[in-house]
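> Going line by line, the protein sequences match chains A, B and C. Following the working numbering, the numbering of the first sequence begins with 19 at its first residue and continues without gaps. Following the working numbering, the numbering of the second sequence begins with 9 at its first residue and continues without gaps. Following the working numbering, the numbering of the third sequence begins with 4 at its first residue and continues without gaps. Even glycine gets a Cβ: it sits at the ideal position worked out from N, Cα and C. Keep in mind that this is a model prediction, so the values were computed, not measured.
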Amino acid sequence: MPFKDMPIRRKLMRIIFLICGTALLAMSISLFIYGSRSFRKSSLEKLSTIGKIICTNSTAALIFENRQDAKEILAALKAEPHVVTAVLYDEKGKPFVHYPSELDTNAFPLRPGPEGFRFAHSRLEGFQPVVMETRRLGTLYMQSDLGDMYEEFRNYAIITTLVMILSLSLAWMLTRLLQKNISVPILALAGTARMISDKKDYSVRAVKRSKDELGSLTDAFNDMLEQIQEQNLALNEFNQKLEQKVSERTIQLENLNKELEAFSYSISHDLRAPLRGIIGFVTILEEDYTSRLDDEARRITTIIKNNTMKMGHLIDDLLAFSRMGRKDIEKTTISTSAMVEEVIREVAPDDKNGHIQWVIDSIPDVKGDINAVRQVWINLISNAVKYSAKKAAPVIEIGFISRQGETIFFIKDNGVGFDEKYKHKLFKVFQRLHSTDDFEGTGVGLAIVEKVIAKHGGRVWAEAAVGKGACFYFSLPD
Amino acid sequence: MRYVFVTLLLIINLPLVAQAPLSREYELKAVFLYNFAQFVEWPPTAFSNSEAPLIIGVIGKNPFGTRLKDIVSGEKVNGHDVSVQYYDNAEDIGTCHILFINLPEAKKREQVLQLLKDRNILTVSDAPGFPAEGGMIRLFTRDNKIRFEVNLEVSRAAGLSISSKLLRLADLFTPSKNS
Amino acid sequence: MIPNSVDLLLVEDNADDAELTIRELKRHKLANNLYHVRDGEEALDFIFCQGKYTGTRDISHTPKVILLDIQMPKVNGIEVLEKIKSDERTRQLPVVILTSSKEDPDIKRCYDLGANSYIVKPVNFERFTVAIQSLGYYWLLLNQNPV
């Protein structure tokens, strides 16, 4: 596990251990260095002191060339087991006696070297002059093995290791005890936080254990919880109020909608009833009193009937438009080809002799409200039929363009078209680009189309040129 | 060991052989006389001042020739120059620190010793029985080497302090052994 | 008129509409056994032989077809239809709804309640014939009323 992902308890333990270990190690190393230096120094001094004693003692032996005595003096070195070799050279630099006496003559330097003791290889050796007053009587050579020092080092290493183990285990125990002061409150806090996020219960509070930073952290945490709880409460209250308001408004809207529906319903009925009366009785006039009406009277009754019928259409279209706006759409899969064929049969039933040339692509199915989309096809196809009716050879083309996420349908005719500068008025209710004398219509059909397609999340647009026909596009999302 | 010894002899003897016919024994004894000065401490009264010379005297026939003089010339012991004096009679002995008595007759030696009894003079001789006569150091030959015997009692009585280093090399005379 | 032998019951509150309808039917000799009631309440009284029709006719002599206007004061066409279709004795009675517009949302409601067909006013003979044909009553109705 990488260090940053470790539980805080282990992190603390590791850090403390690392610090303790490093400090102990640094201390041990510096002590060792200091110890070894002072040991070397003292070894040197010790050997030099022994040398001085031997030199002083051996003056007479050298002067009087008493080998036996000199040997005895050197033999005293037995008391120093680490001094392994000693040689006394005479005034001329010739080996006079050596210690131990059984030593081979090539085991020591044949001539004295430079004065002083030094460490060489794994031993300490050196030369010391034997002087009496100013008189140089000879030279002493001594060699000491470093067993002493190695032994000291070994002891030191053992002691250091023991001290390290002891201090680290002591540190471990102390850490185990003391880290609780830090880790336990943090862990408790973390546990509380986890519990809260799991159960979404903001009424839980963390227990404060100390007055240090962790204590204030706990306080801050609890304060935050308090605030969250209060905010939640306020939010809930607000939500409830909002919901209540929304449902109130919805009810109001629904009522309004119902009223509107009832209103348009009664308009439909009540406006139609008088119209029916007008048409019906004008018809009676025409049929039953035809012999008593002159041509002018008959022309007038026809005008009355036409206007009345127009009024009827107007009412129908208005009703359809307002209903389209209110109704929710229910999307199902629409078999577009079948729908278009059916609409064509309905819209142009009298085109049985093939006056209009229909160019119809194999249009794909789409998703949409079946009645609303049918209304769109009815309006657009009937428009195409209407505005190309005066052409000698009307051609109506119905096709589609597949795009990412949507299908675009188009209905193209070669009829009278319109001026594109009035395009923006095209889909507005009661807006007409042609006079009623030329083409009948209420100016509601395209407005309905626009409304239906907008409700489906699609777009409607048109291209046209005067006298060259028009092309209407609408898109439906997949 | 033998080799070392021979070498030593060669080194010491070579110049002497060239100079004058002198016995190997006295050659060494002259060196000994001089070296004794280094391991003996005289009371301060033995020197008239700190720069007064240390005098090595010879009474009786001079066995060293000029050798002794050669050895000590230019040498210093404890800051004192070393000089050599030769005496015919004991009465002639003035200031003296080491005296080599080369008198074959025991009677004459005893006279000299008697005369010098209270003076701080280290008496040396190679006469047998010299310590028993009241002399301080007797030189003798053993195993072809010059050795010496010391009568500590007499030297102490004369206010001389002989270094233990020297004593280590000496045979100590004990009156019971010789009486 | 003897209310017992009624082939066609017209329920219509608008006098003009009723006159036009009756005239159209008369022109095609279909109004001989036609009886006209002016509102829903009277229609129910007639059908279930109650109110002013108590004792004047037998309930088993049901009309062959009822032409029922939806929009009427007091008891409207939907309520009348509901009553007819929920009564065991009259459930089989064919009912043709008269409506002002084919866009009328009540048409669906009427079909749900068991209406057999609908005619958009003003009622002309062609539309009436189509409605009657869809009921399968055409010849029956016409045969009963020989020219």
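Tell me whether B/Asn21 sits in a helix, a strand or coil according to DSSP, three-state version.
On the second sequence, position 13 is the one that residue 21 of chain B refers to. Any reading at B/Asn21 must be qualified, since the residue scores a pLDDT of 46, below 50, and its modelled position is unreliable; the value itself is stated next. Correct three-state label for B/Asn21: helix.
> Classify A/Lys446 as buried or exposed, calling it buried when 16 or more other Cβ atoms lie within 10 Å of its own Cβ.
Translated into the one-based positions of the first sequence, residue 446 of chain A becomes position 428. Label assigned to A/Lys446: exposed.
> Across which residues does DSSP place A/Gln375 in a beta bridge pair?
Numbered from 1 along the first sequence, position 357 holds the residue referred to as residue 375 of chain A. According to DSSP, A/Gln375 bridges with A/Val413.
> Do the CB positions of B/Tyr42 and B/Ile79 come within less than 8 Å of each other?
Taking the second sequence and counting its residues from 1, the one referred to as residue 42 of chain B is at position 34. Taking the second sequence and counting its residues from 1, the one referred to as residue 79 of chain B is at position 71. Contact: yes.
> Please report the distance separating the alpha-carbon of B/Ile145 from that of B/Gly73.
Taking the second sequence and counting its residues from 1, the one referred to as residue 145 of chain B is at position 137. Taking the second sequence and counting its residues from 1, the one referred to as residue 73 of chain B is at position 65. If you take the alpha carbons of B/Ile145 and B/Gly73, they lie about 21 Å apart.
> Given a cut-off of 8 Å on the beta-carbon distance, is the pair B/Leu111 and B/Ile67 in contact?
Translated into the one-based positions of the second sequence, residue 111 of chain B becomes position 103. Translated into the one-based positions of the second sequence, residue 67 of chain B becomes position 59. Taking 8 Å as the Cβ cut-off, B/Leu111 and B/Ile67 qualify as a contacting pair.
> First and last residue of the alpha helix (DSSP H) that includes A/Glu364?
By 1-based counting over the first sequence, the position of residue 364 of chain A is 346. First-last of the alpha helix (DSSP H) with A/Glu364: 354 to 365.
> Just the chain C side, please: which residues come within less than 7 Å of A/Arg290 by C-beta, in chain order?
As a working note, residue 290 of chain A is residue 272 in the first sequence. Within chain C, the residues near A/Arg290 are Ser103, Ser104.
> Assign A/Phe427 to one of three DSSP states: helix, strand, or coil.
By one-based count along the first sequence, residue 427 of chain A stands at place 409. In this structure, A/Phe427 counts as strand in the three-state DSSP scheme.
> If you drop the 5 nearest sequence neighbours on each side, which residues of the same chain put their C-beta closer than 7 Å to that of A/Arg392?
Residue numbering aside, residue 392 of chain A sits at position 374 when the first sequence is read from its first letter. If we look at A/Arg392 and ignore the five residues flanking it on each side, its Cβ neighbours are Met357, Val361.
> Which residues does DSSP pair with A/His116 in a beta bridge?
Sequence index remark: in the first sequence, residue 116 of chain A carries index 98 (1-based). According to DSSP, A/His116 bridges with A/Val105.
> Can you tell me where the beta strand (DSSP E) with B/Trp50 in it begins and where it stops?
Along the second sequence, one-based indexing puts residue 50 of chain B at 42. B/Trp50 -> no beta strand (DSSP E), and no H or E assigned at all.
> Please work out which residues of its chain come closer than 6 Å, Cβ to Cβ, to C/Ile25, disregarding the five sequence neighbours upstream and downstream, and give them in chain order.
Within the third sequence, the letter at position 22 stands for residue 25 of chain C. Closer than 6 Å at Cβ, skipping near neighbours: Ala34.
> Please determine, among B/Ile170, B/Asn57, B/Leu76, the residue with the shortest C-alpha to C-alpha distance to B/Ile129.
Walking along the second sequence from the start, residue 129 of chain B turns up at place 121. Of the listed residues, the one whose Cα sits closest to B/Ile129 is B/Ile170.
> The beta strand (DSSP E) that contains B/Ser91, what's its start and end?
If you number the second sequence from 1, residue 91 of chain B lands on position 83. Looking at the DSSP string, the run of the beta strand (DSSP E) that includes B/Ser91 is 88 to 95.
> Check whether the Cβ atoms of A/Leu293 and A/Thr320 lie closer than 8 Å to each other.
By one-based count along the first sequence, residue 293 of chain A stands at place 275. By one-based count along the first sequence, residue 320 of chain A stands at place 302. Result no, Cβ atoms of A/Leu293 and A/Thr320 do not sit closer than 8 Å.
> With 8 Å as the limit, tell me which residues of the stretch 60 to 93 of chain C have their beta carbon closer than that to any beta carbon of chain A; keep them in chain order.
Here the close residues are Gln74.
> With distances taken between CB atoms, is the gap from A/Thr236 to A/Val222 smaller than 8 Å?
By one-based count along the first sequence, residue 236 of chain A stands at place 218. By one-based count along the first sequence, residue 222 of chain A stands at place 204. Result no, Cβ atoms of A/Thr236 and A/Val222 do not sit closer than 8 Å.
> Contact criterion: CB-CB distance below 8 Å. Does C/Pro97 meet it with respect to chain A?
On the third sequence, residue 97 of chain C is found 94 positions in, with the first residue counted as 1. No, its Cβ sits nowhere closer than 8 Å to a Cβ of chain A.
> Under the DSSP definition of a beta bridge, which residues are partnered with A/Ala488?
Numbered from 1 along the first sequence, position 470 holds the residue referred to as residue 488 of chain A. For A/Ala488, which the question treats as bridged, DSSP gives the partners A/Ala482.
> Less than 6 Å between C-beta atoms, sequence neighbours within five positions excluded: which residues of the same chain meet that for C/Met75?
Indexing the third sequence from 1 puts residue 75 of chain C at position 72. Only Asp16, Asp42, Gly43 meet the Cβ criterion.
> Does any C-beta atom of chain C lie closer than 8 Å to the C-beta of A/Leu274?
By 1-based counting over the first sequence, the position of residue 274 of chain A is 256. With 8 Å as the cut-off, A/Leu274 does not count as an interface residue toward chain C.
> How big is the Cα-Cα spacing for A/Val225 and A/Glu231?
Residue mapping note: residue 225 of chain A aligns to position 207 of the first sequence, counting from 1. Residue mapping note: residue 231 of chain A aligns to position 213 of the first sequence, counting from 1. Their backbone Cα atoms lie some 14 Å apart in a straight line.
> Is it the case that the Cβ atoms of A/Cys38 and A/Leu186 are separated by a distance below 8 Å?
Start at 1 with the first residue of the first sequence, and residue 38 of chain A comes out as number 20. Start at 1 with the first residue of the first sequence, and residue 186 of chain A comes out as number 168. Contact: yes.
> What does B/Asn152 reach in chain A if we use C-beta pairs closer than 9 Å?
As a first step, residue 152 of chain B must be located in the second sequence, where it is residue number 144. Result: empty, since nearest Cβ-Cβ is about 12 Å, beyond 9 Å.
> Kindly list the residues whose CB is nearer than 7 Å to the CB of C/Ala118, restricted to its own chain and excluding five residues on each side of it in sequence; keep chain order.
Within the third sequence, the letter at position 115 stands for residue 118 of chain C. Correct list, in chain order: Leu84, Val98, Ile100.
> Whole angstroms is fine: what's the gap from A/Val384's alpha carbon to A/Lys473's?
Here residue 384 of chain A corresponds to residue number 366 of the first sequence, with the count starting at 1. Here residue 473 of chain A corresponds to residue number 455 of the first sequence, with the count starting at 1. Rounded to whole angstroms, A/Val384 to A/Lys473 spans 15 Å at the Cα level.
> Are the beta-carbon atoms of A/Ser284 and A/Leu337 separated by less than 8 Å?
By one-based count along the first sequence, residue 284 of chain A stands at place 266. By one-based count along the first sequence, residue 337 of chain A stands at place 319. Contact: no.
> Please decide whether A/Thr77 counts as near chain B, where near means a Cβ-Cβ distance under 8 Å.
What you label residue 77 of chain A is simply residue 59 of the first sequence in a count that begins at 1. Judged by the 8 Å Cβ criterion, A/Thr77 is in contact with chain B.
> Taking the beta carbon of A/Ala97 as the centre, do at least 16 other beta carbons fall within 10 Å, making it buried, or is it exposed?
As a working mapping, residue 97 of chain A is identified with position 79 in the first sequence. Answer is exposed; the Cβ neighbour count stays below 16.
> Please state whether the Cβ-Cβ distance between A/Ala93 and B/Leu177 is less than 8 Å.
Position 75 of the first sequence, counted from the start, is the residue given in the question as residue 93 of chain A. Position 169 of the second sequence, counted from the start, is the residue given in the question as residue 177 of chain B. No, they are not a contact pair.
> Could you pull out every residue in the same chain whose Cβ sits closer than 7 Å to the Cβ of A/Gly461, ignoring the five residues on either side in sequence?
What you label residue 461 of chain A is simply residue 443 of the first sequence in a count that begins at 1. For A/Gly461, where only same-chain residues beyond five positions count, the Cβ hits under 7 Å are Val447, Phe448, Gln449, Arg450.
> Does A/His442 pass the burial test, meaning 16 or more other C-beta atoms within 10 Å, or should it be called exposed?
Reading the first sequence from its first residue, position 424 is the one you call residue 442 of chain A. Exposed: under 16 other Cβ atoms inside 10 Å.
> Would you say B/Arg32 lies against chain A (beta-carbon separation less than 8 Å)?
One-based indexing of the second sequence puts residue 32 of chain B at position 24. Closer than 8 Å: no.
> Keeping to the same chain, check which residues put their C-beta closer than 6 Å to that of B/Cys104; ignore five residues upstream and five downstream.
Here the question's residue 104 of chain B lines up with position 96 in the second sequence. So the qualifying residues of the chain are Ile63, Gly65, Ile129.
> Buried or exposed for A/Asp335, going by 16 or more other Cβ atoms inside 10 Å?
Taking the first sequence and counting its residues from 1, one reaches residue 335 of chain A at position 317. Classification for A/Asp335: buried.
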